Structure formats: C-alpha cells, structure tokens
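Structure first, then comments.
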Amino acid sequence: MSKASRHRTILTLLGQRPAASQCELQHALSKRGIQVGQATLSRDVHALGLVKGSRGYQPPGELGVPRIIAHRVISESVVGVRSVHNLLVLKTFDGDARPVAATLEEENWPEAIGTLAGQDTILIVCNDNRGARKLAARIRAQCRHPKARGRLGWWGHAVESLPSQLSSFYCAATPLPPNNPLQRVRQPSTR
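2 is the number of the first residue of the sequence shown in my numbering; add one for each residue after it.
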C-alpha cells in the first residue's frame, strides 16, 4: 500500500472516530488489513499534522478550538513575533508550533492567507504589509511571554544575555534603530 493511500485511510478512520493513542490507530489500521509499524505510524501522524486533542488524535482543522482556549494556546506558547513585509514569523517553545498554527488557522483571521509550521517556528503569509503588522500587534497583545511583547523580540533578548564583549560586538556589527535599549551597551572603538 502506498503512503498516500495509507494517509487517506488514516484520515478516513479518524473522521469516523478519533483514536485515543497511536496504538489504537495502529489496531484500527490492522483491522482494515494495513500492517504498519509504530515508527512509520508516528511519521504518518507527524506528516499529516494530526493533533492530539481531548478526544484523541484528530486532523488539526477538526479541533473546534473554543476562543478562550485559542487565546490561551497563543498566550502561553508564543515567545517571539516578527513581521517582515507581508510575512509574519512566530517563535514558540519547542514542539508547540503545530498546535499554535492549527489554532491560528481555526481563528480564520482575514489578514492571514496561510501558515507553515515547523518544530518551534511558524510562518504566516498575510495579504499585505499592513495586514502583517496588524496581525503581529494582535498576537503580541495576546502573548504573556515578555520576549514576545517586548520591543527587542527574541533576538534582542538573546543578545542581552551574552557577555558584554560579545554584546558590544553584536551592536557594532548590526545597525540599531534609534532609541533601542541595546544602544546603552558600550560601542567598541573603530581604530
């Protein structure tokens, strides 16, 4: 059986009834005559972007995340927000990118065209620059994490934690916007 047909079968099974565990999903597949190992099934779950909700494994679009839970997922998982032109990059704690991306898709914000999620990074493609800035502000407002809310973003906080000599090197090598808190770090001489 091909990978694509196995994926279709998995989605069909989960459409009929969520699986509480990968073992349960593996058993349901074997009832259909599909023998699959745990490692292969784990890769399939990852490739399909299945999310383990309160009822078990489900495709991300079927979670029906209530608004209060969506706000909580964003506020507790997002640690950095950056917008560049019409793109928005969110940093999350390791392993949280897919659930956050699924939550963002559920929100159906008009500024967002689509999302791509990795392990700890989400790329959101927006309609235009203004939409990206507006969405970034909306997500920052929901974030509890100080690095996501702060003006420095996650890069600046990483630099602040470096020893002062490395911070000065970083500041000298990277142009800073006016009134940036990192400018208080001593600049190296240019001799």
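Don't be surprised by glycine CBs; every beta carbon is placed ideally from N, CA and C. All of these numbers come straight from a predicted model, not from anything done at the bench.
Query: Backbone secondary structure at L91 - three-state DSSP; Result: strand
Query: Own chain partners of M2 with C-beta closer than 7 angstroms, once the 5 adjacent residues on each side are dropped; Result: I35
Query: Candidates F94, L12, S55: closest to H47 by CA position; Result: L12
Query: Supposed close pair R99, G50 - CB separation, criterion 8 angstroms; Result: 6 angstroms
Query: Rounded separation between L37 and L91 - CA only; Result: According to the sequence displayed, residue 37 carries Val and not Leu. C-alpha separation (whole angstroms): 35 angstroms.
Query: Straight-line Cα distance separating N109 from G1; Result: Coverage of the chain is limited to positions 2 through 192, which leaves residue 1 absent and any answer about it impossible.
Query: Whole-angstrom distance between S22 and L14, CA atom to CA atom; Result: 13 angstroms
Query: Straight-line Cα distance separating T41 from I140; Result: 35 angstroms
Query: S84 and A20 closer than 7 angstroms at C-beta; Result: no
Query: Euclidean distance between Cα positions of V82 and K135; Result: 12 angstroms
Query: N-terminal and C-terminal residue of the beta strand (DSSP E) that C127 is part of; Result: 122-127
Query: Spatial distance of N87 from D129 (CA atoms); Result: 5 angstroms
Query: For R131, the nearest candidate out of E107, A113, G54 (CA to CA); Result: A113
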